[in-house]
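In the numbering used here, the protein residues as written are -14 to 178.
C-beta: ideal position from N, C-alpha, C; glycine also.
Model, not experiment: these values are computed from the prediction.
Take a look at the structure set out below.
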Amino acid sequence: MTTAYAKIRDSRTTAVEYPDAPYINQGMFIDIFPLDTVSDGSRVQNEIFLMEKELWAIIVKADFVCNARENGYRPHIGMETLKRLLTLPREEQMRVFEAFCQEHYGKSDQVNFITDELCNMNNRVYRSWYDEIVWLPFEKIMLPAPKEYDKVLTGRYGEYQKYVRGAACHAGIEFSVDIPYQIYMANIVREQG
-14 MTTAYAKIRD
-4 SRTTAVEYPD
6 APYINQGMFI
16 DIFPLDTVSD
26 GSRVQNEIFL
36 MEKELWAIIV
46 KADFVCNARE
56 NGYRPHIGME
66 TLKRLLTLPR
76 EEQMRVFEAF
86 CQEHYGKSDQ
96 VNFITDELCN
106 MNNRVYRSWY
116 DEIVWLPFEK
126 IMLPAPKEYD
136 KVLTGRYGEY
146 QKYVRGAACH
156 AGIEFSVDIP
166 YQIYMANIVR
176 EQG
């Protein structure tokens, strides 16, 4: 099971997203959406982005890359490199992707979550907006936020302070702060068995 982003999970709790996958940690989570440098529209940055896109596709949908190649698609990362990457374990493919992104980080002042960029969601913001932090209250604690948080939130979400009625991203997840996910999942298996 491959997801497009990381999560920090608390194993002492339950947040079952995948009831048919008892082998993964399904504690309550915080999603992590890393920001990568994205194209500023220049020819060089566009070429780098196309290579990032191909590297990401190898990780999450290798069969798509193979089919595209068979249908005449000419990869930007080179055919020999593509063939070698397709033979690597997923973890190593991810290391190659991360190294490539890190090598090119900071060469454009625009950043975005790579999956949003790959899906043509133009939620770009400027890297410089993250240069300084301020501490803001959240519940009963103070948390760091970009000093330009209003620009960041507006760039990512538009009118972010306006209430919008709609479906939740995490609808249908079974939550419990009192039961470790392993016990919850064992109960599901026992009920099905």
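Should residue i and residue j be called a contact, given that it needs their Cβ atoms to be closer than 9 Å?
i	j	result
P122	S(-4)	no
E102	F18	no
G140	R109	yes
Mapping DSSP to helix, strand and coil, what is residue i?
i	result
R(-6)	strand
D85	Rather than Asp, the amino acid found at residue 85 in this sequence is Phe. Residue state, collapsed to three classes: helix.
N97	strand
D116	coil
Y111	strand
Is it right to say residue i is buried, meaning 16 or more other beta carbons lie within 10 angstroms of its own, or is it exposed?
i	result
D21	buried
L128	exposed
N105	exposed
N31	exposed
F197	An answer regarding residue 197 cannot be provided, because it is not within the stretch -14 to 178 covered by the chain.
I15	exposed
N10	exposed
Q146	exposed
E133	buried
G151	exposed
Shortest alpha-carbon distance to residue i belongs to which of the options?
i	options	result
N172	E124, P7, E2, K(-8)	P7
T72	N10, Q95, I44, A84	I44
P60	M36, T100, I(-7)	M36
S93	G63, W114, V23, Q177	V23
R80	Y115, W41, V96	W41
Y169	K(-8), I(-7), A0, I126	A0
Distance, Cα to Cα, residue i vs residue j?
i	j	result
T(-2)	S161	6 Å
Y148	D135	16 Å
V119	P131	6 Å
E159	T66	43 Å
Y142	V29	28 Å
E76	L70	11 Å
N56	D25	30 Å
C154	N107	19 Å
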